[in-house]
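To start, the structure under review is shown below, and the notes come after it.
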Amino acid sequence: MSAEWVSKANAKQRKGRAGRVQPGHCYHLYNGLRASLLEDYQLPEILRTPLEELCLQIKILRLGGIAHFLSRLMDPPSNEAVSLSIKHLMELNALDKQEELTPLGVHLARLPVEPHIGKMILFGALFCCLDPVLTIAASLSFKDPFVIPLGKEKVADARRKELAKDSKSDHLTVVNAFEGWEEARRRGYRYEKDYCWEYFLSSNTLQMLHNMKGQFAEHLLGAGFVNSRNPKDPKSNINSDNEKIIKAVICAGLYPKVAKIRLNLGKKRKMVKVYTKNDGLVSIHPKSVNVEQTDFHYNWLIYHLKMRTSSIYLYDCTEVSPYCLLFFGGDISIQKDNDQETIAVDEWIVFQSPARIAHLVKELRKELDTLLQEKIESPHPVDWKDTKSRDCAVLSAIIDLIKTQEKATPRNLPPRLQDGYYS
1 MSAEWVSKAN AKQRKGRAGR VQPGHCYHLY NGLRASLLED YQLPEILRTP
51 LEELCLQIKI LRLGGIAHFL SRLMDPPSNE AVSLSIKHLM ELNALDKQEE
101 LTPLGVHLAR LPVEPHIGKM ILFGALFCCL DPVLTIAASL SFKDPFVIPL
151 GKEKVADARR KELAKDSKSD HLTVVNAFEG WEEARRRGYR YEKDYCWEYF
201 LSSNTLQMLH NMKGQFAEHL LGAGFVNSRN PKDPKSNINS DNEKIIKAVI
251 CAGLYPKVAK IRLNLGKKRK MVKVYTKNDG LVSIHPKSVN VEQTDFHYNW
301 LIYHLKMRTS SIYLYDCTEV SPYCLLFFGG DISIQKDNDQ ETIAVDEWIV
351 FQSPARIAHL VKELRKELDT LLQEKIESPH PVDWKDTKSR DCAVLSAIID
401 LIKTQEKATP RNLPPRLQDG YYS
């Protein structure tokens with residue numbers, strides 16, 4: 001996402017708003033030279049936004065081949081953009097090699113969100129942490145509820161970091177803010193108003209997120225993934241108090257948007273540098289709760305938006321553990337190196353591990369992929385009371401591994417996994 005100058009047509013339209021109801025003034029914060037360099041019209045939306053969601057709609061409506069259909073539009077997107085969108089959907093397992101919808105693709109096409117967020121919603125239902133995941137999905141689809149009044153930026157930042165509760169996650173910060181708002185609203189209008197004022201939150205945005213969560217839950221109920229249209233149904237929220245599992249589900253949805261943290265120990269203070277595979281060195285956005293964070297437990301971040309202004313910023317990010325990437329990232333492969341083995345995720349995220357642990361992780365990943373495929377093809381909620389079932393056994397084993405690693409220190413992981421970097 002890049003910051004772009006307004007077009008002349010947009011500027012003229014905005015100017016017209018100033019005198020629509022009563023006399024007014026419109027101030028454009030750029031000089032005459034900049035005004036003369038503005039484009040006459042903004043690019044059509046289809047030429048500047050992701051096409052994945054549109055591609056799924058073309059397939060579910062049976063409108064023919066994706067590239068052929070899009071080529072007939074008034075302003076067709078480039079062949080490169082179309083091919084890249086199809087590739088992303090294949091990597092997501094939403095389309096097969098013949099560009100036909102997979103069972104997962106059918107479900108994603110029916111959810112009114114971008115495909116990666118739709119995948120996050122489905123995983124939230126399968127791993128029974130539905131309510132917080134729906135909050136995150138709604139905020140990523142619409143916008144986060146935070147406002148920053150002019151002149152109160154530092155106070156607003158402090159309140160947002162207070163809501164983060166050392167989660168090292170912008171996404172969990174939104175969850176905490178939303179849950180606080182729900183509690184305040186239950187106590188009455190005055191408490192709700194005071195809460196929003198104290199934490200610089202928009203009550204209108206929070207209400208919109210609340211409504212969107214209800215819509216998502218309706219879709220999940222209709223598809224058979226949950227038993228209730230209530231996002232807070234206890235059966236759908238067995239793991240909702242476990243932020244480690246929520247982070248894993250965030251990873252499942254946002255992968256491959258991964259960044260690597262490198263800690264530089266300077267003479268005066270620790271410095272954090274962040275890198276992505278395609279962009280190299282990037283920065284964490286000043287609005288993020290992680291912008292001044294130096295005490296990361298792991299070396300990996302998952303993010304939703306990149307923004308290009310004076311430099312490239314990760315607008316929102318969440319710290320994730322190696323197991324999150326191994327179980328919910330891309331394809332994993334193992335290579336032997338003396339008594340250690342290298343586990344690679346999509347051949348660019350690399351970890352060192354004892355051979356036994358490497359093969360255990362790979363076998364568990366196979367079981368998880370098989371289980372998820374079965375759930376997508378024949379949706380039904382996991383019965384967590386049936387501890388002898390295969391569903392419960394596989395999911396519980398993965399959850400236990402993630403929880404165990406989160407309790408460990410980065411240099412003494414049980415099982416031991418040492419971070420590598422892009423190969």
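Numbering-wise (the UniProt record's numbering), the sequence shown opens with residue 1 and increments by one. A virtual CB, placed ideally from N, CA and C, is assigned to each residue, including glycine.
Buried or exposed (CB count within 10 angstroms, at least 16 for buried), residue i
i           : result
residue 310 : exposed
residue 249 : buried
residue 239 : buried
residue 41  : exposed
residue 71  : exposed
residue 137 : buried
residue 18  : exposed
residue 171 : buried
residue 48  : exposed
residue 116 : buried
residue 51  : buried
residue 355 : exposed
residue 204 : exposed
residue 322 : buried
residue 247 : buried
residue 111 : buried
residue 75  : exposed
residue 347 : exposed
residue 120 : buried
residue 264 : exposed
Coarse secondary structure for residue i, derived from DSSP in three states
i           : result
residue 160 : helix
residue 428 : The first residue shown for the chain is 1 and the last is 423, placing residue 428 beyond what the model contains.
residue 300 : strand
residue 257 : coil
residue 436 : Summary: the structure shown does not reach residue 436, with the chain confined to residues 1 through 423, and so no result is reported for it.
residue 102 : coil
residue 398 : helix
residue 42  : coil
residue 7   : coil
residue 347 : coil
residue 72  : coil
residue 334 : strand
residue 270 : strand
residue 63  : coil
residue 404 : helix
residue 439 : The requested residue 439 is not part of the displayed model; the chain covers only 1 to 423.
residue 33  : helix
residue 390 : helix
residue 198 : helix
residue 251 : helix
First through last residue of the alpha helix (DSSP H) which encompasses residue i
i           : result
residue 20  : Careful: residue 20 lies outside any alpha helix (DSSP H) and carries neither H nor E.
residue 322 : 322–328
residue 124 : 115–126
residue 360 : 355–377
residue 206 : 203–223
residue 60  : 52–60
residue 79  : 79–91
Start and end residues, beta strand (DSSP E) containing residue i
i           : result
residue 173 : That residue, residue 173, is in no beta strand (DSSP E); its alpha helix (DSSP H) goes 170–187.
residue 142 : Where residue 142 is concerned, there is no enclosing beta strand (DSSP E), given that its DSSP letter is neither H nor E.
residue 280 : 280–284
residue 314 : 312–314
Discussion item. Tell me whether the segment 309–324 and the segment 227–240 touch, counting them as touching only if at least three CB pairs, one residue from each stretch, are closer than 8 Å.
Written reply: Short answer: they don't touch.
Worksheet entry | Contact the segment 92–110 vs the segment 135–144: 3+ CB pairs below 8 Å | Verdict: no, contact absent.
Fill in: contact_flag[the segment 55–69, the segment 79–87] where n(CB pairs < 8 Å) is 3 or more
Output reads yes: the segment 79–87 touches the segment 55–69.
Item to complete: Report yes or no: do the segment 358–367 and the segment 329–336 share at least 3 C-beta pairs separated by less than 8 Å?
Response: Under the 8 Å Cβ criterion, the segment 358–367 counts as touching the segment 329–336, having at least three qualifying pairs.
Worksheet entry | Touching by the beta-carbon criterion (3+ pairs, under 8 Å), the segment 12–30 and the segment 52–63 | These segments do not touch.
Item to complete: Take every Cβ of the segment 200–213, pair it with every Cβ of the segment 148–159, and state whether three or more of those distances are shorter than 8 Å.
Response: By the Cβ rule, the segment 200–213 counts as touching the segment 148–159, because three or more pairs are nearer than 8 Å.
Worksheet item: Is it true that the segment 375–387 meets the segment 289–300, where meeting means three or more beta-carbon pairs spaced less than 8 Å apart?
Response: These segments do not touch.
Worksheet item: Between the segment 392–399 and the segment 364–377, do three or more beta carbon pairs fall short of 8 Å?
Response: Result yes; three or more Cβ-Cβ pairs closer than 8 Å.
Worksheet entry | Segment contact flag, the segment 212–225 with the segment 283–291, C-beta cutoff 8 Å, min 3 pairs | Result no; under three Cβ-Cβ pairs closer than 8 Å.
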